[in-house]
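Engineer: What follows is a single structure, and I will ask about it in a moment.
Numbering (the working numbering), first residue to last: 24 to 246.
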């Protein structure tokens, strides 16, 4: 699952994911899931799902839906949360893709076969694609278009790191679509949402909310 605190259910009829509360530092930051963090994912999931259904976003965007969260609050008022994440992309039909993996898989080294080239080079060599054309036209330019589609249509700024961004390819790796996961990390531009007349009220405010009145508003957008 490319995460130290996300697990997958291994049952015959259900292979969804559960993102767990973790007390401590994984990577750079604390990975606890209090109420405002746990609820942010399903909130954004609902907003993007509606936009996908209404066909107002770029057609290459889909998500792993976060359909719910549960938070335990104990007698000491400490919060312990979890998020349910589906394993089937919403907005991307199975006919359109055969392979789905986190984007770091394109350039990571295979620890079991250190002499192998990164997957991106293997794909380009195998199908004899033009390297520059393939990287730009198949992946990067469509990704930039999708990124700004979210901002321009919904006021949402996705954190497209190589773990949260998944790539969906057809059988020849010729067409690429983008599947977003870990939706809690997406920034909500409240100023832009208001200008777009989006009636969005977040239970998690001010978590992951940016506004023009903030001194670092532009920095947040360029980060």
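Here a beta-carbon is modelled for each residue, glycine too, at the ideal position from N, C-alpha and C. Every value quoted in this text rests on a predicted model; they were computed, and no experiment measured them.
I'd like to know whether the C-beta atoms of residue 243 and residue 210 end up nearer to each other than 9 Å.
Structural biologist: As a working note, residue 243 is residue 220 in the chain shown. As a working note, residue 210 is residue 187 in the chain shown. A contact, by the Cβ cut-off of 9 Å.
Engineer: For residue 52, which of 142, 81 and 208 has the nearest alpha-carbon?
Structural biologist: The residue labelled residue 52 in the question sits at position 29 within the chain shown. If we check each option's Cα against that of residue 52, 208 comes out closest.
Engineer: What does residue 113 pair with, by DSSP beta-bridge criteria?
Structural biologist: Stepping through the chain shown from its first residue, residue 113 is reached at position 90. Looking at the DSSP assignment, residue 113 forms a beta bridge with 86.
Engineer: Please classify residue 31 as buried or exposed, where buried requires at least 16 neighbouring CB atoms within 10 angstroms.
Structural biologist: Here residue 31 refers to the residue found at position 8 when the chain shown is read from its first residue. Classification of residue 31: exposed, given that the 10 Å Cβ count is below 16.
Engineer: Nearest-angstrom Cα distance between residue 192 and residue 112?
Structural biologist: Counted from its first residue, the chain shown places residue 192 at position 169. Counted from its first residue, the chain shown places residue 112 at position 89. Residue 192 and residue 112: Cα-Cα distance of roughly 13 Å.
Engineer: Report yes if the CB atom of residue 206 is closer than 9 Å to the CB atom of residue 71, and no otherwise.
Structural biologist: In the chain shown, residue 206 corresponds to position 183, counting from 1. In the chain shown, residue 71 corresponds to position 48, counting from 1. Closer than 9 Å, so yes.
Engineer: Round the Cβ separation of residue 115 and residue 202 to the nearest angstrom and send it over; I've been treating them as touching at under 8 Å.
Structural biologist: As a working note, residue 115 is residue 92 in the chain shown. As a working note, residue 202 is residue 179 in the chain shown. The pair is a contact, with the Cβ atoms about 7 Å apart (cut-off 8 Å).
Engineer: Within this structure, are the beta carbons of residue 190 and residue 126 separated by less than 9 Å?
Structural biologist: As a first step, residue 190 is located in the chain shown; it is residue number 167 there, counting from the start. As a first step, residue 126 is located in the chain shown; it is residue number 103 there, counting from the start. Contact flag set, yes.
Engineer: What separation, rounded to the nearest whole angstrom, lies between the Cα atoms of residue 87 and residue 106?
Structural biologist: Residue mapping note: residue 87 aligns to position 64 of the chain shown, counting from 1. Residue mapping note: residue 106 aligns to position 83 of the chain shown, counting from 1. If I take the Cα positions, the gap works out to 12 Å.
Engineer: Rounded to whole angstroms, what is the Cα-Cα separation between residue 121 and residue 194?
Structural biologist: Mapped onto the chain shown, residue 121 falls at position 98. Mapped onto the chain shown, residue 194 falls at position 171. Whole-angstrom Cα-Cα distance: 5 Å.
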